[in-house]
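So the structure is just underneath, and the comments pick up after that.
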Amino acid sequence: MASAGGGGGRSSSKAKMKEEEEEGLGGAALVVGAAALAVWGIATWFGSSEKEPEKMMKAPGQGGRYMPRKDFEQNPSDYFRKQRGKK
Numbered sequence: 245m246a247s248a249g250g251g252g253g254r255s256s257s258k259a260k261m262k263e264e265e266e267e268g269l270g271g272a273a274l275v276v277g278a279a280a281l282a283v284w285g286i287a288t289w290f291g292s293s294e295k296e297p298e299k300m301m302k303a304p305g306q307g308g309r310y311m312p313r314k315d316f317e318q319n320p321s322d323y324f325r326k327q328r329g330k331k
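Take 245 as the starting number for the sequence shown in this note's numbering and just add one per residue.
See the structure below:
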């Protein structure tokens, strides 16, 4: 009878060790997930390198071609002067 009780003790220790190992893996996964979330949050907070898309407009006298609006708004008279070929 002593062997039956001893065998049962060993299997319960193995089960206990396996349970503790699984808990350790779950904890490690939780830590890795939290670290990844923290890195993503910090990167988002400090912003990304994406800029707002440049505003475009139809270029006057160019048959529907588009051009950056800021180029025209900076100096419209220069735009028309260059379009006519004058310097």
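Just so you know, even glycine gets a beta-carbon here, dropped at the ideal spot from N, CA and C. Treat the numbers as computed from the prediction; the structure is a model and nothing was measured.
Inter-residue spacing [alpha-carbon to alpha-carbon] between residue i and residue j
i, j, result
"Ser321", "Pro304", "12 angstroms"
"Gly277", "Val283", "10 angstroms"
"Gln306", "Gln327", "9 angstroms"
"Gly225", "Trp289", "Outside the displayed range of the chain (245 to 331) lies residue 225, so it cannot be described from this structure."
"Met301", "Lys295", "18 angstroms"
"Arg313", "Phe324", "14 angstroms"
"Ala280", "Tyr310", "42 angstroms"
"Gly291", "Pro297", "16 angstroms"
"Glu263", "Ala273", "15 angstroms"
"Leu269", "Ser256", "20 angstroms"
"Asp315", "Val275", "51 angstroms"
For residue i, the first and last residue of its enclosing beta strand (DSSP E)
i, result
"Lys302", "Met300 to Lys302"
"Pro312", "Tyr310 to Pro312"
Start-to-end residues for the alpha helix (DSSP H) that takes in residue i
i, result
"Pro320", "Pro320 to Gln327"
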